[in-house]
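Before any comments, here is the structure.
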Amino acid sequence: MSQFLIYFQLGLKHILNIYSYDHILFLIALVIPLSFKDWKRILLLITSFTLGHTVALLLTLYGIIAVKVTVVELLIPITILIVALFHLFTAGKSGKKESLNLVFFITLFFGIIHGLGFLNYFRNMHHGASVSKLLAILESSLGIEAAQLVVVLVVLILSYIVQTVFRFSKRDWALVMSAFIIGIVLPIILGNEIWLR
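For the sequence shown, position 131 matches number 131 in UniProt numbering, and the numbering has no gaps at all.
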């Protein structure tokens with residue numbers, strides 16, 4: 001198998017496995033109020049998240065920053081909670097749309113936090129490899145981007161079915177899914193070992 005495929009699959013598997021439910025929850029929370037007609041915005045959000053993820057890997061693998069794993073494990077579900085709460089409180093409300101630049105930078109920042117969570121997994125997979133770290137990171141980032149697009153496509157199809165076949169309003173669907181996500185991440189946040197010290 002080629003080096004590209006190895007690292008591309010590493011990125012795919014990072015997202016598309018049962019243990020990456022936090023990443024999948026973040027993606028669901030991010031796009032739940034959106035639909036297929038918002039494809040440009042979705043692509044921008046997903047790509048900015050991947051970019052943040054990649055920047056975090058680069059900064060940590062090259063020793064520019066160091067963050068405790070327990071802090072990252074707390075921050076990841078907090079980012080999910082923030083996005084879900086935002087949609088819970090803004091579902092169905094019309095008015096001034098949030099700035100695309102602001103949403104881009106927030107998503108980029110959250111991508112950095114999630115990228116810090118990928119560090120140990122990436123290090124273990126890359127340990128002893130002869131390929132450059134930079135190339136390996138870029139190849140795995142392409143896999144991450146592809147996997148995220150698959151997850152988002154599934155979420156959009158499910159949203160479409162729920163809203164057309166079962167006649168949920170966009171607002172109700174966003175409320176239900178946001179509450180569901182909050183119900184999953186709150187126990188994760190409260191059960192983090194940082195509180196046990």
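Quick reminder that beta carbons are idealized off the backbone N, C-alpha and C, glycines included.
| Query | Result |
| --- | --- |
| Candidates Pro187, Leu153, His126, of which the one nearest Phe4 by Cα | His126 |
| Met1 in three-state terms, based on DSSP | coil |
| Gly92 to Phe86 span [Cα, whole Å] | 12 angstroms |
| Buried or exposed (CB count within 10 angstroms, at least 16 for buried), Thr60 | buried |
| 8 angstroms Cβ cutoff met for Thr79 and Phe26 | yes |
| Start and end residues, alpha helix (DSSP H) containing Asp172 | 170 to 190 |
| Where the alpha helix (DSSP H) containing Gly52 begins and where it ends | 39 to 61 |
| Stretch-stretch touch, CB-based, cutoff 8 angstroms, three pairs: the region 35 to 42 with the region 151 to 169 | yes |
| Expected contact under 8 angstroms - CB spacing of Val154 and Ile15 to nearest Å | About 12 angstroms; that fails the 8 angstroms criterion. |
| Selected residue, minimal CA-CA separation from Leu58, among Phe118, Leu102, Leu134, Arg171 | Leu134 |
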